[in-house]
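Following: one structure in structure tokens, then a few remarks.
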Amino acid sequence: MFNILNDLSRLTKRLLLIMLSLWLMQAAPAMAASCNDTWPGWEHFKKTFIAEDGRVIDHSGARKPTTSEGQAYALFFALSANDKAAFQRILTWTENNLAAGDLTARLPAWQWGQREDNSWGVIDKNPASDADLWIAYSLGVAGEVWKEKRYAALSSLLAQRILNEETAELPGLGLSLLPAPTGFNLPNNQWKLNASYLPLPLLRWFEQKESDERWKRMIAPAMRLIAGSAPKGYAADWIIYDAQKGFLPDSQGVEKGQGGYNAIRVYLWAGMMASQDAERANLLKLLRPMLQLVDSKGYPPEFIDILSGEINGPGSSGFSAALLPLLQVNGAQKTLVQQQLRLQAQAIKPDAYYDQVLSLFALGWQEKRFRFDARGNADFYWQHFCWKLF
Numbered sequence: 135m136f137n138i139l140n141d142l143s144r145l146t147k148r149l150l151l152i153m154l155s156l157w158l159m160q161a162a163p164a165m166a167a168s169c170n171d172t173w174p175g176w177e178h179f180k181k182t183f184i185a186e187d188g189r190v191i192d193h194s195g196a197r198k199p200t201t202s203e204g205q206a207y208a209l210f211f212a213l214s215a216n217d218k219a220a221f222q223r224i225l226t227w228t229e230n231n232l233a234a235g236d237l238t239a240r241l242p243a244w245q246w247g248q249r250e251d252n253s254w255g256v257i258d259k260n261p262a263s264d265a266d267l268w269i270a271y272s273l274g275v276a277g278e279v280w281k282e283k284r285y286a287a288l289s290s291l292l293a294q295r296i297l298n299e300e301t302a303e304l305p306g307l308g309l310s311l312l313p314a315p316t317g318f319n320l321p322n323n324q325w326k327l328n329a330s331y332l333p334l335p336l337l338r339w340f341e342q343k344e345s346d347e348r349w350k351r352m353i354a355p356a357m358r359l360i361a362g363s364a365p366k367g368y369a370a371d372w373i374i375y376d377a378q379k380g381f382l383p384d385s386q387g388v389e390k391g392q393g394g395y396n397a398i399r400v401y402l403w404a405g406m407m408a409s410q411d412a413e414r415a416n417l418l419k420l421l422r423p424m425l426q427l428v429d430s431k432g433y434p435p436e437f438i439d440i441l442s443g444e445i446n447g448p449g450s451s452g453f454s455a456a457l458l459p460l461l462q463v464n465g466a467q468k469t470l471v472q473q474q475l476r477l478q479a480q481a482i483k484p485d486a487y488y489d490q491v492l493s494l495f496a497l498g499w500q501e502k503r504f505r506f507d508a509r510g511n512a513d514f515y516w517q518h519f520c521w522k523l524f
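Going by the numbering used here, the sequence shown opens with residue 135, and the numbers climb by one from there.
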């Protein structure tokens, strides 16, 4: 009797193996296609905005400038698409043209393009700290997932330089990221700051990966800055921090206390935070008034007064795209569908650089091309799918 049962058990195992083999033969092509699947949004961005040498071109400007921001975002998108060749081209151009050939020695200049005398080169050498964060982060993560030691080393060097050159201990606030090494320390113990320069997942990642404790010290001031920039739930493009009075609207800048093209990223970064992040619930509550406004108006405003809530015109479809993650995690299903329909009815112009950037981040997150965990680690679709199945 035992032998009969044993034979039946072996027969059952063989049948299961045969069935599994047949299923794998049928499913393998689909799996392989998924592992090698291209990201259509990235392919369009690459074709439209990135030259063969790796330069990201903003076609909206008369002189078609390049910024370190554009190079930084393109590095992250290339990493999210597992596009190693494009990543290296973008990095090489960035190092050669924005860092005088050596990113180990200096932070990249902010703007490059055609000068007044028609020559080409650096136009504004002052670095932009948000771009520097994204470049260092993308290099560090690429070093991990692609096993590239040079990328990891370069990331650490840039991270150290960011701390040394682009942070300051602000009285009553703490260690804070300045928008650039120079130009934002104002008279009378005031500083001009930008909440959209502080994607919390990136700060979380540097906090756990870098040994310098200053990264940890930056988290609480960053949260205070984001909250101080949105006293009524509408994020500001720029905010003044006064050592005596705290946060004040930037009445002198071009935006005059409004939230617009910089501030839209505050909502975008908040929406992409991991559900396990201890600060996400606070940010969702803080920024809910903007979502309520969008629900009532049917569109995000192009500009909004951060105190009165007075709006100036509808924002672009790129603004609608940028709000999708935050709407999704808030469970605002009606408004989410509303903005998705707006995005379909009023498609983003193919050559609109900034709108395309906002869309790639938002839709890439929605499609799970990339996600961040509570420690800032990135989980990419290509990495997750292929490694989990094979």
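Think of the CB as a built atom: it goes at the ideal place given N, C-alpha and C, for glycine as much as any other residue.
### Task
Look at G510 and P335 and say whether their C-beta atoms are less than 8 Å apart.
yes
### Query
Can you find at least 3 beta carbon pairs, one from the segment 264 to 271 and one from the segment 320 to 336, that sit closer than 8 Å?
yes
### Task
Measuring alpha carbon to alpha carbon, tell me which of L420, A302 and Q480 ends up nearest P448.
Q480
### Query
Within this structure, are the beta carbons of P355 and L418 separated by less than 8 Å?
no
#### Entry: Where F526 falls: helix, strand or coil (DSSP)
Since the first residue of the chain shown is 135 and the last is 524, residue 526 is not available in this structure.
### Message
Can you list, in chain order, the residues of its chain with a C-beta nearer than 7 Å to that of S289? Leave out the 5 residues immediately preceding and following it.
### Response
A270, L273, G274 and G277
### Task
Could you tell me whether the Cβ atoms of L458 and Q517 are closer together than 8 Å?
In this structure, the beta-carbon distance from L458 to Q517 does not fall below 8 Å.
### Three-way DSSP call (helix, strand, coil) for P435 in this model
strand
### Query
In chain order, what residues of the same chain have a beta carbon less than 7 Å from the beta carbon of E299, not counting five sequence neighbours either side?
L241 and P315
### Query
Can you name the start and end residues of the beta strand (DSSP E) that V279 belongs to?
V279 -> not in any beta strand (DSSP E); alpha helix (DSSP H) instead, spanning S263 to V279.
### Query
By DSSP, does I360 sit in helix, in strand, or in coil?
Note: I360 maps to helix in three-state DSSP.
### Task
Could you tell me which residues DSSP pairs with G452 in its beta bridges?
Beta-bridge pairing links G452 to no other residue.
### Query
Alpha carbon to alpha carbon, how far is D485 from R249?
22 Å
### Query
Apart from the five residues just before and just after K147, which ones in its own chain have a Cβ nearer than 6 Å to its Cβ?
With a pLDDT of 48 at K147, under the threshold of 50, the modelled position of this residue cannot be trusted, and the question is left open.
#### Entry: Same chain only: Cβ atoms within 6 Å of P305, ignoring 5 sequence neighbours per side
A377
### Query
Thinking just about the alpha-carbon of each residue, which of G452, Y487, W325 and K198 is nearest to the one in Q478?
G452
### Message
DSSP three-state label for K326, please.
### Response
K326 falls in the strand class under three-state DSSP.
#### Entry: R505, enclosing beta strand (DSSP E) - first and last residue
F504 to F506
### Query
Along the chain, where does the beta strand (DSSP E) that runs through G380 open and close?
G380 to P383
### Task
List the DSSP bridge partners of A302.
S310
### Message
Based on DSSP bridge pairs, tell me the residues matched to L225.
### Response
DSSP, once it has assigned bridges, lists no residue as partnering L225.
### Query
Which term fits R284, buried or exposed, when burial requires 16 or more other beta carbons within 10 angstroms of its beta carbon?
exposed
### Message
Nearest by alpha-carbon distance to G443: which of R197, S454 and V428 is it?
### Response
Considering only alpha carbons, the answer is V428.
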